[in-house]
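In our numbering, the protein residues as written are 82 to 436.
We put the beta carbon where it would ideally sit given N, CA and C, even for glycine.
Only a predicted model underlies this, so the values are computations on that prediction, with no experimental measurement involved.
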Ligand code: FES
């Protein structure tokens, strides 16, 4: 149903919780405009309904407007997931003319000084506020996305108020998910149980207050969960993710999995990748599951959780997600929480080596 096109790993921000892989794709290896247009056509033919232009920062690609135009002409619903710092008046007008349907704008905090520190971009927050204004003035629906963690979680209420002031239709309060750079910085980002409970209460109250006006999506950290999330709606079930260099992935973090060869859209059609590739078939459905998952009533609800988290925490991508309380590795989540408790708060910023 959905295709995430990671157009580039370039990004002017340096968020320490970035979900991009530690080894990012170089600029010179990125797919060309022609490649992307072919992939968009193939996606539409395959039955994809929504395309999410993501990155890195998708607006760092000069051909973004052309790609939105192409996707729109192919009948795809188009969404841009952006930091907003490059969304000028001219860019907004061009995207609108190209047929953009929706923009999701990310925020690092509720106020400029902290947000700019977490994003590693001086003046970034002010640019985002301008970008939000442009989106609303263009008459487009806006999702304001706030990534929360141990170092900003006490300002969740201010974030929701900011989303309201910006006129967002949807506010996403998303605790960091620990993949890529975020996993590297887990000890400095993972909230305490008290902090999580505080966020839960703030979000519940805001949902009541804003009911019927603004939808609030809330994503919690798996480390405190008793049941795993249905990551990506199940492996190769509803989403396909294309990396900047053209690798087709069932999720954005899949390249961390060992013993996988991810097919390239340079060499294979999307239809054959989806239906025939080992990478997409390996964890699809329920047949691959360990006995613990296969005999569970929730197996077609959570689809065994997250393969990348099973690898990162339990060391085995085919294991039951350790977020599940029934997993023999569940104790590792508690260990991670304990390890983070007194860890220093320094963050390793995400940086792309330019080559
Ligand atoms: Fe890869 Fe969850 S992030 S399966």
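Nearest-angstrom Cα separation, counted from residue j out to residue i
i: residue 276; j: residue 270; result: 12 angstroms
i: residue 293; j: residue 309; result: 29 angstroms
i: residue 162; j: residue 395; result: 31 angstroms
i: residue 315; j: residue 324; result: 19 angstroms
i: residue 143; j: residue 91; result: 12 angstroms
i: residue 430; j: residue 208; result: 20 angstroms
i: residue 381; j: residue 390; result: 18 angstroms
i: residue 93; j: residue 290; result: 35 angstroms
i: residue 327; j: residue 243; result: 37 angstroms
i: residue 436; j: residue 185; result: In this predicted model, residue 436 has a pLDDT of only 44, less than 50, meaning its place in the structure is not dependable; the value taken from the coordinates is given anyway. Cα to Cα, the separation comes out at about 29 angstroms.
i: residue 150; j: residue 224; result: 21 angstroms
i: residue 287; j: residue 201; result: 29 angstroms
i: residue 444; j: residue 408; result: Past the boundaries of the shown model lies residue 444; the chain is included only from 82 to 436, so the question cannot be answered.
i: residue 399; j: residue 339; result: 11 angstroms
i: residue 146; j: residue 428; result: 34 angstroms
i: residue 239; j: residue 191; result: 6 angstroms
i: residue 347; j: residue 357; result: 16 angstroms
i: residue 141; j: residue 167; result: 8 angstroms
i: residue 256; j: residue 83; result: 22 angstroms
i: residue 114; j: residue 385; result: 37 angstroms
i: residue 99; j: residue 132; result: 20 angstroms
i: residue 123; j: residue 351; result: 6 angstroms
i: residue 205; j: residue 298; result: 24 angstroms
i: residue 138; j: residue 89; result: 7 angstroms
i: residue 312; j: residue 210; result: 31 angstroms
i: residue 107; j: residue 432; result: 12 angstroms
i: residue 250; j: residue 372; result: 42 angstroms
i: residue 413; j: residue 160; result: 36 angstroms
i: residue 203; j: residue 197; result: 5 angstroms
i: residue 405; j: residue 307; result: 5 angstroms
i: residue 425; j: residue 273; result: 14 angstroms
i: residue 111; j: residue 379; result: 39 angstroms
i: residue 376; j: residue 369; result: 12 angstroms
i: residue 513; j: residue 170; result: Given that the chain is displayed from residue 82 to residue 436, the structure contains no residue 513 and the question cannot be resolved.
i: residue 128; j: residue 194; result: 44 angstroms
i: residue 422; j: residue 354; result: 43 angstroms
i: residue 213; j: residue 130; result: 25 angstroms
i: residue 441; j: residue 397; result: Limits of the chain in this structure are 82 at one end and 436 at the other, which puts residue 441 out of reach.
Residue i Cβ short of 7 angstroms to the ligand MN heavy atom set
i: residue 120; result: As far as ligands go, the structure on display features the ligand FES and does not contain the ligand MN.
For residue j and residue i, believed in contact at Cβ under 8 angstroms, the rounded distance
i: residue 135; j: residue 86; result: 7 angstroms
i: residue 265; j: residue 393; result: Not a contact, Cβ separation roughly 11 angstroms.
i: residue 32; j: residue 364; result: This structure leaves residue 32 out entirely; the chain is present only between 82 and 436.
i: residue 304; j: residue 417; result: 6 angstroms
i: residue 246; j: residue 226; result: The pair is not a contact, with the Cβ atoms about 15 angstroms apart (cut-off 8 angstroms).
Notebook entry, point to check: How would the residue list near the ligand FES read, in chain order, if you kept each one whose beta-carbon is closer than 5 angstroms to any heavy atom?
Noted result: 312, 332, 334, 387, 388 and 389
Margin query: Three Cβ pairs or more, each shorter than 8 angstroms: is that satisfied between the segment 167-187 and the segment 214-229?
Written below: yes
Notebook entry, point to check: Of all the alpha helix (DSSP H) runs that stay within the bounds of the segment 100-167, which reach a length of 4 or more residues?
Noted result: 114-127 and 145-154
Notebook entry, point to check: Which ranges does the alpha helix (DSSP H) cover as unbroken runs of at least 4 residues, wholly within the segment 215-239, from first to last along the chain?
Noted result: none
Next item on the list: Evaluate contact between the segment 116-133 and the segment 278-293, counting only Cβ atoms and requiring at least three cross-stretch pairs below 8 angstroms.
Entry: no
Checklist line | Every unbroken beta strand (DSSP E) within the segment 245-306, with a cutoff of 3 residues, ordered by chain | finding: 251-256 and 296-300
Notebook entry, point to check: What residue ranges within the segment 306-356 form continuous beta strand (DSSP E) runs of no fewer than 3 residues, ordered along the chain?
Noted result: 320-323
Checklist line | Contact the segment 327-344 vs the segment 257-266: 3+ CB pairs below 8 angstroms | finding: yes
Item checked: Ranges of the alpha helix (DSSP H) found wholly within the segment 356-385, counting only runs of at least 4 -> 359-362, 372-375 and 380-383
Note to self: Please give the ranges of any beta strand (DSSP E) in the segment 172-214, keeping only runs that are unbroken, at least 3 residues long and fully inside the region.
What the structure shows: 183-188
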